[in-house]
Amino acid sequence: MLSKRLSSVRNSVSHFASVLALTISLLACGGSSSDPTPLTYPSVSTTTAPKVLTTTSAGVKVFSGGFGSALAQNPNDPAVFYLLTDRGPSVETASGISSIFPVPAYTPQIGKFRLDGDSLQPAETILLKNSNGTPFSGLPTPAASGVVAELARNAQGQTLPGDPNGLDPEGLVAMPDGTFWIAESYGPSLLHVDASGKTLERIGPHSTGRALPKVLARRRPGRGLSGLTITPDGKTLVSVMQSPLYNPAATRDASRSVRLLTFDLSTGATRQFVYLLDNPTYAGVSDLAALSNDTFLVLERDG
């Protein structure tokens, strides 16, 4: 049983190191015995520099930041990788509940890359869109009742309204049918999107039909679901909250308990498990990977 056998290997790593570690875990099992031409993966690969999105009045260039949230290997082609952006360029202010968004119109996206020697070559950019085909923004969503809101400001310090179409992607799974599952922080929610990035289903604490546990809406600002994996049998998505919930808020800073969530793709049933952080003063969990149907590698941030 998962509840009896759930285990983890803890490492204090940064968010970018978590992507590297997940790359290693994915490459270790890349390909199969039926591959006609098995690939040899380089220990390090490079790609093009992130593009400049805008330049401020002071002459400061604002870069896209690249694809730093997650990485998933194409299950049908071991040379193809999908990399996920987060919500776009932003700088957290000293308050911890507001951030500056110099490019408010930024659309979170998936980048498709093909491995060519020791280089990852960009092949396609997939903009993430809602079920109507409208591109998402990276701005915080309006807060639900009883939940602490994250505030957004532009480069001039002016407050930006919450965007119901906001998305903060943090985890990615590529499915054999060409669709993707994404874990995002704002709802928090799980999104199922098609190959073009259009949302097929969004599952959150306040969704009708299939839904996540309502208590997850009490996440800290900017610290919802962080990371996503799928069990090797292809039946269950597994995600984890980045930090302890505001439940109640008075205990959050001393708590080591974060919630690991499972979602049955067939039935929509969810289960929650407690994961204990090594140190509550760290910035919580960055990502996770399934080693088996009931054993996971969990990566913690150290800053």
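Each number in our numbering comes from the position in the sequence shown (counting from 1) with 65 added on.
All C-beta atoms in this analysis are idealised placements derived from N, C-alpha and C, irrespective of residue type, glycine included.
Using a Cβ distance threshold of 8 Å, Pro205 and Glu215 count as a contacting pair. Within the same chain, Cβ atoms closer than 8 Å to the Cβ of Val168 are found at Leu118, Thr119, Val127, Gly153, Pro154, the five residues on either side in sequence being excluded. Taking the Cα positions, Arg366 is about 22 Å away from Leu302.
A straight-line Cα-Cα distance of about 24 Å links Ala355 and Leu185. Looking at Thr294, Gly124, Ser196, Gly176, the one whose alpha-carbon comes closest to that of Thr190 is Gly176.
In the DSSP assignment, the residues bridged to Lys194 are Pro200, Lys263. The shortest C-alpha to C-alpha distance from Ser304 to any of Gly289, Phe166, Asn312, Asp318 is the one to Gly289.
With a cutoff of 8 Å on beta-carbon distance, Ser291 and Gln307 are scored as near each other. Straight-line spacing of the CA atoms in Gly262 and Arg179 works out to 18 Å.
By the C-beta density criterion, Thr273 is exposed, having fewer than 16 other C-beta atoms within 10 angstroms. Here Ser164 is near Thr158, since their CB atoms are less than 8 Å apart. Ser122 and Asn219 have their alpha carbons spaced roughly 13 Å apart. As the crow flies, the alpha-carbon of His271 is around 31 Å from that of Ser129.
Bounds of the beta strand (DSSP E) holding Gln138 are 135-138. The closest CA to that of Gly269, considering only Ala135, Tyr251, Arg285, Thr294, is found on Tyr251. For Arg152, the three-state secondary structure derived from DSSP is coil. With contacts defined as CB atoms closer than 8 Å, Ile162 and Pro286 qualify as a contacting pair. Taken in chain order, the whole beta strand (DSSP E) runs of length 3 or more contained in the segment 204-233 are 216-218. Residue pairing from DSSP places Val117 in a beta bridge opposite Phe128. Classified as exposed, Gly299 has fewer than 16 neighbouring CB atoms from the shown chains inside 10 Å of its CB. Exposure of Val109 is indicated by the presence of fewer than 16 other C-beta atoms within 10 angstroms of its C-beta.
In the assembly as shown, Asp343 is an exposed residue. Its beta-carbon has fewer than 16 other beta-carbons within 10 Å. Judged by DSSP in its simplified three-state form, Leu310 adopts coil rather than helix or strand. At the C-beta level, Leu256 and Thr244 stay beyond 8 Å of one another. Taking each of Arg283, Pro234, Gly133 in turn and checking the Cα distance to Arg267, the smallest one comes out for Pro234. In the DSSP assignment, Ile295 falls within the unbroken beta strand (DSSP E) covering 290-295. Contact between Ser134 and Leu149 is confirmed by a C-beta separation of about 4 Å, below the 8 Å threshold. When DSSP reads this structure, Leu302 sits in a beta bridge with Ile295, Phe328. By the criterion of a C-beta distance shorter than 7 Å, Asn195 is surrounded in its chain by Phe201, Asn230, Thr264, once the five residues flanking it on both sides are discounted. Counting along the chain, the unbroken beta strand (DSSP E) around Arg336 starts and ends at 335-341. Judged by DSSP in its simplified three-state form, Arg179 adopts strand. Taking the Cα of Thr294 as reference, the smallest distance to any Cα among Val258, Thr335, Trp246 is reached at Trp246. Looking only at Val350, Asn141, Phe338, Phe166, the smallest Cα-Cα distance to Ala217 is reached by Phe166.
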